[in-house]
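So the sequence shown is numbered by this note's numbering: it starts at 5 and just counts up by one. Built from N, CA and C at the ideal position, the CB exists for glycine as well. Computed from a prediction, not measured in an experiment: that's the story for all the values here.
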Amino acid sequence: MVNTFSLHSDNLKDVINSTSSVLKKGGVIIYPTDTIYGIGCDALNSKSVDKIFTIKERDITKPMLMLINNQQMLSNFVNDVSTYANKIITKYWPGSVTLIFQANNSVPKNLISEDGKIAFRWTNNHFCNSIIETIGNPLISTSANISGQNSSNNFSELLKLFSSKVDLLIEGPTNSNISSTIIDTTISPPKILRQGDLFIDFELL
Numbered sequence: 005m006v007n008t009f010s011l012h013s014d015n016l017k018d019v020i021n022s023t024s025s026v027l028k029k030g031g032v033i034i035y036p037t038d039t040i041y042g043i044g045c046d047a048l049n050s051k052s053v054d055k056i057f058t059i060k061e062r063d064i065t066k067p068m069l070m071l072i073n074n075q076q077m078l079s080n081f082v083n084d085v086s087t088y089a090n091k092i093i094t095k096y097w098p099g100s101v102t103l104i105f106q107a108n109n110s111v112p113k114n115l116i117s118e119d120g121k122i123a124f125r126w127t128n129n130h131f132c133n134s135i136i137e138t139i140g141n142p143l144i145s146t147s148a149n150i151s152g153q154n155s156s157n158n159f160s161e162l163l164k165l166f167s168s169k170v171d172l173l174i175e176g177p178t179n180s181n182i183s184s185t186i187i188d189t190t191i192s193p194p195k196i197l198r199q200g201d202l203f204i205d206f207e208l209l
């Protein structure tokens, strides 16, 4: 039977440690974020990343975003951050906006789009940031659904759908039923590819 946790302030440290242990062993988790529930793994464990593609029945040409918890982590994977991107980062990170960059040569192939791009978000969620800090790598974050189907913030539904497919499910608060806003910063001006929880007016940057 799959392991589950219900996240509370009094068990936060224990859940962080247990979740990090699962991820370090190559496990896949369902977890709460500052937007919706996500499916995740250690982003630098290629086998685990491939497993998520299989679980979600996701097209491998559509890479998944990574959560980070500081800007230094971004610089490990991205060489060029445009002036526009820096302004967005300064104003909206951490938060519910995902930014697309041109990946550098160190990024694993299954994290990069066919045109060499990669997506990051600095989450505003203490639990997620603590997990990232503990495992020392970015955390894959893709909506907890089968590709093409609606995502759900109902933990009972997620348990029923994924209990036989993942290693750990964590129940906890999410801030929204809406995914993050996605912005491509590799072009000028940047382009909003998906309007999500956050509205951005580029003229005000």
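By the 16-neighbour rule on beta-carbons within 10 angstroms, residue 159 is buried. For residue 97, DSSP assigns no beta-bridge partner whatsoever. Here residue 185 has 100, 101, 102, 196, 198, 199, 200, 201, 202, 203 and 204 as same chain residues with Cβ atoms under 8 angstroms from its own Cβ, once five neighbours each way along the sequence are excluded. Where residue 77 is concerned, the enclosing alpha helix (DSSP H) starts and stops at 75–79.
Of all C-beta pairs linking the stretch 127–134 to the stretch 146–157, fewer than three are shorter than 8 angstroms, placing the two stretches out of contact.
Annotation for residue 180: 39 and 201 place their beta carbon closer than 6 angstroms to its own, counting only its chain and skipping 5 residues before and after. If you draw a straight line from the Cα of residue 84 to the Cα of residue 123, it is about 13 angstroms long. If you ignore the 5 residues before and after residue 8, its C-beta comes within less than 6 angstroms of the C-beta of 173, all in its own chain and listed in chain order.
In the pairwise beta carbon analysis, the stretch 113–122 is classified as touching the stretch 55–71: at least three pairs are separated by under 8 angstroms. With a 10 Å radius around the Cβ and a threshold of 16 neighbouring Cβ atoms, residue 60 comes out buried.
Bounds of any beta strand (DSSP E) do not take in residue 59; it lies within the alpha helix (DSSP H) bounded by 50–60.
Judged by their CB atoms, residue 88 and residue 193 are nearer to each other than the 8 angstroms cut-off. In this structure residue 80 is exposed. Its beta-carbon is surrounded by fewer than 16 other beta-carbon atoms within 10 angstroms. Around residue 144, the same chain offers 44, 45, 47, 53, 56, 68 and 70 as residues with beta carbons nearer than 7 angstroms, after the five sequence neighbours per side are excluded. For residue 146, the uninterrupted beta strand (DSSP E) run begins and ends at 143–147, by DSSP.
The beta-bridge partner set that DSSP reports for residue 43 consists of 34 and 146. The DSSP assignment places 121–126, 143–147, 172–175 and 185–188 as complete runs of the beta strand (DSSP E) inside the stretch 105–188, in order along the chain (cut-off: 3 residues). When rounded, the separation of the alpha-carbon atoms in residue 90 and residue 76 is 13 angstroms. If you ignore the 5 residues before and after residue 10, its C-beta comes within less than 6 angstroms of the C-beta of 175, all in its own chain and listed in chain order. The beta carbon of residue 65 is closer than 8 angstroms to those of 117 and 118 in its chain, skipping five residues each way along the sequence.
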